[in-house]
Structure formats: C-alpha cells, structure tokens
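Written below as structure tokens is the structure these notes are about.
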Amino acid sequence: MMLTNMSALLAMLASGFATPGAAVEAYGAAVAANDPAQLAAAFQPSAIMYCTDGAAIRATSQGEWKQRMRTAGMPAGPISTRIAWIDSGATTSVARTVSVRGDKEYVDYLLLARLAEGWRIVGKVCEAGARPDEAGEAGVRQVVGTKLAADRAWDAKLLAESIDSRALVMTVDGGEFVAATLGEWQARYVARRSASGGSPATPTSMVIDARGGIGTARWSFRGTDGSEWTDRALMIRTSQGWRMAALAFAREAPGAN
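Following my numbering from start to finish, the sequence shown increments by one per residue and tops out at 257.
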C-alpha cells in the first residue's frame, strides 16, 4: 500500500495540470487538506508567496510554506478558494482568487505557466480584505509604463524601478522553465544597450487588475519580425512604490479572458 501511494504521489507531482484553472483548484485543495504534497504539485518549486498587510511584505518560499503546514496543523474555521477572474494564453496565465481562511478573506493573484509537465503556479501575491482600488490600478499601469520605457532604451536603472529586487523574471520555451534575477536581467540590458538602441515594441493590448496593495497586469505586443509576445506580471505596493513581484513572458498571443 505504501509503494502504491508513493507511486501515485510521484505521478501527481510529475504530471502537472491540463488547465490553469485545474492548477488553481489543486492549490485550493492542498490548503483545505493541509497537504504539503498537493501544494508541491500545484506550485513550481521556485515560486515565492508575497503577502502584504498594506505596510509590511512577508515573503514565503514553498519549503517554508510546506513546513508550516506540517507543524501548524489544519487552520481553524471555514476554508475555501474560489477563482474570481482568469486571463490565459497558451503558455502563461494570471488568476485572481478569493480565499477564505477561518475568519479572514484573502485576495490572491496567481501567475501560472504551462511547463513540460503541465500548468503550475509560478508566483503568488496576497492580501487580506483587499478591495478594488483605482489608485492601485494607476500604480500598476505606471509600473508597466516604466518597464516599457526600460525596454525602449535598454535602461537597467528603469528596469529596477519596475521590478522588485527579490522578483524572478521567467519564461517558458518549449516547455522548459527558465528564471533569472533582476540583477541578471540588468546585466542583459547593459549588454543589449551596447548592441542596439532599444526595443521599439508598442503594446497591442493591456489588462490591469488591482485590489488593495496587490495587482496584476498583462500586456501584449508584436516584435519587429511580426511575432506576438505577451508579458504577465504580479504586482505589489512596496515602500518604494508599486513593483513587479514576478514576471513571465512568452512568445504567444494574449488569449481570451
């Protein structure tokens, strides 16, 4: 029986999920069951959870989250996770969920990618009691504008004004997941600047969604060769202003909401 259960667990971890929604539902089931193995199936191992209370930001790795599950036990009170909104392409996706954890209601934004094994969550931001905020949407939009300005000039300083120093910049190429730090991307911009004047790409579509001190953005554009590209990012309000907490880009059409 133990070998059978272990085989089933390994198969689950290796298989991923057929849709972004299925990966999100698996995350909700993992929390409801307080099951570290189910959590590992839903999340890519490098995914970090950033939660804010409107002032301080707490970063939690998957390893820390799983350890907390093992030691803290089941949360008290009702537990539920509901997908409120999702924006998906062929390779990347963002979702907003409403999660009840005992006497608190959280808003989560989840960044997902379709890896070789299937869809998995690659980033998360959350806040308790977050509500729609026009100022937040403006802040998120400004961050996208700063990132685009950085691209147009290959400006490493502007890049750091749009992406948090802890964030990962990710892409998926043929199912292979690749992640880099902000510092690594700044070095690439410096190298690109010596070779070209910048990226002339102009967005063809954009989606902004924000609640409280967290949010997300998706912007799509055509490359100079006519190829379609889409960036999806999780956003969080820091002491320095709004920043991307995770960014994934892929050669894909924007998809449908």
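Ideal Cβ positions, reconstructed from N, Cα and C, are used throughout, including at glycine.
Same chain, Cβ closer than 8 Å to residue i, five either side skipped, listed in chain order
i	result
residue 220	203, 204, 205, 206, 228, 229, 230, 231, 253 and 254
residue 121	23, 24, 27, 42, 43, 44, 47, 110, 111 and 112
residue 249	92, 169, 170, 171, 229, 230, 231 and 232
Beta bridge counterpart(s) of residue i as assigned by DSSP
i	result
residue 246	168 and 234
residue 202	In the DSSP output, where bridge partners are listed per residue, residue 202 has none listed.
residue 188	In the DSSP output, where bridge partners are listed per residue, residue 188 has none listed.
residue 99	81 and 106
Cβ neighbours of residue i in the same chain (closer than 7 Å, five flanking residues each side left out)
i	result
residue 77	102 and 103
residue 198	151, 152, 153 and 154
Beta carbon of residue i nearer than 7 Å to that of residue j
i	j	result
residue 20	residue 88	yes
residue 146	residue 165	no
residue 97	residue 81	yes
residue 234	residue 177	no
residue 79	residue 95	no
residue 159	residue 153	no
residue 242	residue 139	yes
Extent of the continuous beta strand (DSSP E) run through residue i
i	result
residue 127	118-128
residue 19	Taken as a continuous stretch (DSSP letters only), residue 19 belongs to no beta strand (DSSP E), as it is neither H nor E.
Straight-line Cα distance separating residue j from residue i
i	j	result
residue 135	residue 210	9 Å
residue 85	residue 126	15 Å
residue 213	residue 167	16 Å
residue 200	residue 35	47 Å
residue 91	residue 222	16 Å
residue 186	residue 244	15 Å
residue 190	residue 238	26 Å
residue 107	residue 131	8 Å
residue 54	residue 124	16 Å
residue 148	residue 29	37 Å
residue 50	residue 65	12 Å
residue 62	residue 40	8 Å
Contact set for residue i: own chain, Cβ-Cβ below 6 Å, skip 5 residues either direction
i	result
residue 141	208
residue 1	Confidence at residue 1 is low in this model, with a pLDDT of 35, below 50, so its placement is unreliable and the value that follows should be read with caution. Nothing meets the Cβ criterion.
Range of the contiguous alpha helix (DSSP H) that encloses residue i
i	result
residue 252	Here residue 252 belongs to no alpha helix (DSSP H), and DSSP marks it neither H nor E.
residue 71	62-72
Near the ligand NAD: residue i beta-carbon under 6 Å from a heavy atom
i	result
residue 240	As presented, the structure is devoid of all ligands, the ligand NAD included, so that no description of it is given.
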